[in-house]
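Have a look at the structure below, then the notes.
Protein chains in written order, with our numbering: chain A, 4 to 167; chain B, 3 to 175.
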């Protein structure tokens, strides 16, 4: 009997381990440039950056090895803040994936913070969800040179929690 | 005993399968966000008329006269390093000595400031720092500039109207 119990436990553990869900994030650009065309008004003496700058950056998200009826939530956060008061906003393009792959409580956008926040609520495997990015509240006096942007994405079982 | 094992098994099953906060996978990513240096080269070069004018006909020569003026700059954009400095150059008429300074300057928009009051360094130049936020070709409203020109009595007596013109140039290093 003890052996049978151990075997059942092993089966449970192994069956969960075999379903190793995979998450893939691929950026379209490895480097994004902000220049004087992003001033508001552009190319104008004394002007500051626009409050919200659409970035020439995108990302494709793929989630594989997930059962078709399983709900999941994609979280994102950055491990190091941007310079000054600048922040990064991620906008999931829900039109880029089939409606049946979109779960409940999918946010319209996510202002990256230091803690994980829900970005997309999905159901089943997903291929090529497109993310776009905007730079918020950048200032000429605070943002200069090259700054690496570190973003950590987490794939979590279950749907996203309801937004505020 | 066996019943306890079954209970433990069921609890373990629910723990593994029914939690809604199981982290399946995570991916660390990064890309570079590059801010091109935004600074200016001020190419304005103009002669300015000092106000109030200094005249030799006043009959009461002052050894030191305080003059103030402002002028317009026109900027051209150029990628320069972010800690660019703005060089003020004043070419005084030959034979004159001067000391001068600018007041802190804040444009109507943007974040450009001239350095706090600077004193002429004896080579007709002084520097500003923290040049940010200026680009394009729009004219910037006048920069308040105060000149204190020290004239010797001899110099003052030989001063004529043409000497009231100072040639100022601004350029970004």
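No residue lacks a Cβ here, since even glycine has one placed at the ideal position from N, Cα and C.
Look at the alpha carbon of residue 102/A and the alpha carbon of residue 72/A, and state the distance between them as a whole number of angstroms.
13 Å
Within 10 angstroms of its Cβ, does residue 125/A collect 16 or more other Cβ (buried), or is it exposed?
buried
Would the beta-carbon of residue 141/A fall within 8 Å of that of residue 89/A?
yes
Does residue 59/A pass the burial test, meaning 16 or more other C-beta atoms within 10 Å, or should it be called exposed?
exposed
Tell me the residue span of the beta strand (DSSP E) that contains residue 104/A.
No beta strand (DSSP E) holds residue 104/A; DSSP gives it neither H nor E.
Quick one: what does DSSP say residue 7/A is sitting in, helix, strand or coil?
helix
Let me see if you follow: with CB-CB separation under 8 Å, is residue 146/A close to chain B or not?
yes
Rounded to whole angstroms, what's the CA-CA distance from residue 68/A to residue 163/A? Just pull it up for me.
19 Å
Ordered along the chain, which non-local residues of its own chain (more than five positions away) have a Cβ less than 6 Å from that of residue 135/A?
61, 94
Could you tell me the boundaries of the beta strand (DSSP E) in which residue 40/A lies?
Premise fails: residue 40/A is in no beta strand (DSSP E) and is neither H nor E.
With 16 as the cutoff for other CB atoms within 10 Å, does residue 43/A come out buried or exposed?
exposed
Here's the rule I'm using: 16 or more other beta-carbon atoms within 10 Å means buried, otherwise exposed. How should residue 23/A be labelled?
exposed
Residues in the same chain with beta-carbon distance under 7 Å from residue 87/A, minus the five sequence neighbours each way, listed in chain order, please.
142, 145, 146
With 7 Å as the limit, tell me which residues of the region 120–132 of chain A have their beta carbon closer than that to any beta carbon of chain B; keep them in chain order.
none
Please work out which residues of its chain come closer than 7 Å, Cβ to Cβ, to residue 107/A, disregarding the five sequence neighbours upstream and downstream, and give them in chain order.
124, 162
Is the Cβ-Cβ distance between residue 26/A and residue 27/B less than 8 Å?
yes
Go ahead and pull the three-state DSSP assignment for residue 128/B.
In this predicted model, residue 128/B has a pLDDT of only 41, less than 50, meaning its place in the structure is not dependable; the value taken from the coordinates is given anyway. In the structure shown, residue 128/B sits in a strand (DSSP, three-state: E or B).
In angstroms, rounded to a whole number, what distance separates the CA positions of residue 24/B and residue 65/A?
18 Å
From the DSSP output, in three-state form, read off residue 98/A for me.
helix
Check whether residue 151/A and residue 32/B have beta carbons under 8 Å apart
yes
Quick one: what's got a C-beta closer than 7 Å to residue 104/A's C-beta in the same chain, skipping five residues either side?
125, 126, 127, 129
Distance, residue 138/A Cα to residue 28/A Cα
19 Å
For residue 96/A, I'd like the list of residues in its chain whose CB is within less than 6 Å of its CB, leaving aside the five on either flank, ordered along the chain.
133
Going by alpha carbons, who is nearest to residue 115/A out of 148/A, 99/A, 77/A, 154/A?
154/A
Give me, in chain order, the residues of the same chain whose beta-carbon lies closer than 7 Å to that of residue 158/A; leave out the 5 immediate sequence neighbours on both sides.
24, 26, 66, 75, 77
Relative to the C-alpha of residue 31/A, which residue among 131/A, 55/A, 148/A, 156/A is closest?
131/A
Anything in chain B within Cβ reach of residue 150/A, meaning under 7 Å, just list it in chain order.
35
Suppose contacts are defined by Cβ-Cβ distances below 8 Å. Is residue 119/A in contact with residue 110/A by that definition?
no
What is the rounded straight-line gap between the Cα of residue 172/A and the Cα of residue 34/A?
Residue 172/A is absent from the structure shown; chain A starts at 4 and stops at 167.
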